[in-house]
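Colleague: All the letters of the sequence shown, read from the start, carry residue numbers 512 to 850 under our numbering.
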Amino acid sequence: MLKGGVPGNKVSLIIVPIVAAAGLTIPKSSTRAITSPSGTADSMEVLAPVAFNPEELNKIVSEENACIIWGGALETAPADNILIEIERPLHMDPIGLMIPSILTKKLSLGVKKLVLDIPVGEGTKFISPDKGKQFAYLFKEIAGNVGIEAECALTLAHQPIGHAVGPALEAKEALTLLRDYSAGPNSLIEKSTDLAGILLEMSGKAPKGMGQNLAKDILSSGKAYEKMKKIIEAQGGNPEIKPEEIELGLYVKEFFSSKDGYIVEVNNSIINRIAKTAGCPNSKTSGVEIIKKQGAKIKEGDIVFRIYSHSESKLRKAEKIYNATGGPIRLGGMVIERV
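1) Can you check whether the CB of ILE613 is closer than 8 angstroms to the CB of SER523?
2) Tell me whether PHE767 sits in a helix, a strand or coil according to DSSP, three-state version.
3) Are the Cβ atoms of LYS740 and PRO750 separated by less than 8 angstroms?
4) Does the segment 688–706 come into contact with the segment 668–680, if we say contact requires no fewer than three beta-carbon pairs (one atom in each stretch) closer than 8 angstroms?
5) ASN783 and SER547 look like a contact to me (Cβ under 8 angstroms); what is the Cβ gap, rounded to whole Å?
6) If you draw a straight line from the C-alpha of MET721 to the C-alpha of SER693, how long is it?
7) Grouping DSSP H, G and I as helix and E and B as strand, with all else coil, what is PRO538?
8) Does DSSP classify ILE529 as helix, strand or coil?
9) Alpha carbon to alpha carbon, how far is LYS570 from LYS624?
10) Considering only the alpha carbon of each residue, which of SER703, LYS810 and SER822 lies closest to SER769?
11) Could you tell me the boundaries of the beta strand (DSSP E) in which THR666 lies?
12) Roughly how many angstroms separate the alpha carbons of GLY634 and GLU652, rounded to a whole number?
13) Could you check what DSSP says for GLU701 in three-state terms: helix, strand or coil?
14) Can you tell me whether SER820 is helix, strand or coil according to DSSP?
15) If you count every other CB in all the chains shown that lies within 10 Å of the CB of VAL626, and 16 or more means buried, which is it?
16) Whether or not the segment 679–692 and the segment 783–800 are in contact is what I'm after, with contact meaning three or more pairs of Cβ atoms, one per stretch, closer than 8 angstroms; do they touch?
Listed below in structure tokens is the structure:
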């Protein structure tokens, strides 16, 4: 399962234990964040080590049918690692390099079936569904040519997935959902189980159209949480860690609504800027929380946004971006304009 392009996209931390709990083998190899506040490897590293050599990796996967690791440590695609190190400081993640970057790493892990998450919309690599589809068809063709059965899912990317952005905050939100299905958030539940469901259908664990139902059953029953605890332990982490025990940035700033209204927009680009200025992804404890999202009714004085940072000076810089841009949360009434 591959993802990218939208803040807070911690779905792999939910998908991997769901699929593994269903009895399938799912070695999840991920890069660290390139242009976003947190990559899957950055968030997983809050819960357990993610850098392993091939022998260590084989042991983990043979024990638990799964792993969530940083692919760079394996040195299975050394040229790709070099390119990523060039791209990261330039804040680049060019589309032309995505397919070889993805497939070389998946081939090295022996992957046979793959679901590619393609977020589409403002602020992503694919501004329109048509552009996303063009990439999907090309990806499926090339993947098939090298022996990987691939399906692609075009997903909504108009606002973050869940409420948390940043390594520790995303790990906390994912672990909270795994432990308690009723904790939501709905966007994380729906996207995670939708993508996991596709894999379950591709692998014959569920009939076509029924994969998401099975994924939700595994998640809500606690089986995915128990599997995640075993994965954490196999990778050298503490399987009994509680979401509330995850360390967050010491310096915190909250922002409040100045009026009543409805949230009509949540700007991903501004969220990314603020989170990275606060210290993400290098500082695991830094990040942001989007308290209320698009469509929510807001009253004057309600908390709408929160910044965490490991550094007081970085918090102040992030606060300046919030104030200069007006923040990522845009309010409006039910009347758009009086003419």
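For glycine and all other residues, C-beta sits at the position ideal for the given N, C-alpha and C.
Everything numeric in this text was worked out from a predicted model, so none of it was measured.
Modeller: Inspection of the coordinates gives the following:
1) Taking the first residue of the sequence shown as position 1, residue 523 is located at position 12. Taking the first residue of the sequence shown as position 1, residue 613 is located at position 102. No.
2) As a first step, residue 767 must be located in the sequence shown, where it is residue number 256. Taken through DSSP and simplified to helix, strand or coil, PHE767 comes out as strand.
3) Reading the sequence shown from its first residue, position 229 is the one you call residue 740. Reading the sequence shown from its first residue, position 239 is the one you call residue 750. Closer than 8 angstroms, so yes.
4) Yes: the two stretches touch, three or more of their Cβ pairs being nearer than 8 angstroms.
5) Working through the sequence shown from its first residue, we reach residue 783 at position 272. Working through the sequence shown from its first residue, we reach residue 547 at position 36. Yes, they are in contact, since the Cβ atoms of ASN783 and SER547 sit about 6 angstroms apart, within 8 angstroms.
6) What you label residue 721 is simply residue 210 of the sequence shown in a count that begins at 1. What you label residue 693 is simply residue 182 of the sequence shown in a count that begins at 1. One Cα belongs to MET721, the other to SER693, and the distance between them is close to 21 angstroms.
7) Taking the sequence shown and counting its residues from 1, one reaches residue 538 at position 27. When secondary structure is reduced to three states using DSSP, PRO538 falls in the strand class.
8) Translated into the one-based positions of the sequence shown, residue 529 becomes position 18. Looking at ILE529 - three-state DSSP - the assignment turns out to be helix.
9) For the purposes of this step, residue 570 is taken as residue 59 along the sequence shown, with counting starting at 1. For the purposes of this step, residue 624 is taken as residue 113 along the sequence shown, with counting starting at 1. If I take the Cα positions, the gap works out to 21 angstroms.
10) Against the sequence shown, residue 769 aligns to sequence position 258. If we check each option's Cα against that of SER769, LYS810 comes out closest.
11) Residue numbering aside, residue 666 sits at position 155 when the sequence shown is read from its first letter. DSSP places THR666 inside the beta strand (DSSP E), whose first and last residues are 660–667.
12) Position 123 of the sequence shown holds residue 634. Position 141 of the sequence shown holds residue 652. Roughly 26 angstroms separates the two Cα atoms.
13) Working through the sequence shown from its first residue, we reach residue 701 at position 190. DSSP places GLU701 in helix when its eight states are reduced to three.
14) Numbered from its first residue, the sequence shown carries residue 820 at position 309. Reduced to three states, the DSSP call for SER820 is strand.
15) Along the sequence shown, read from residue 1 onward, the residue named residue 626 stands at position 115. Per the 10 Å Cβ criterion, buried.
16) Yes, the segment 783–800 touches the segment 679–692.
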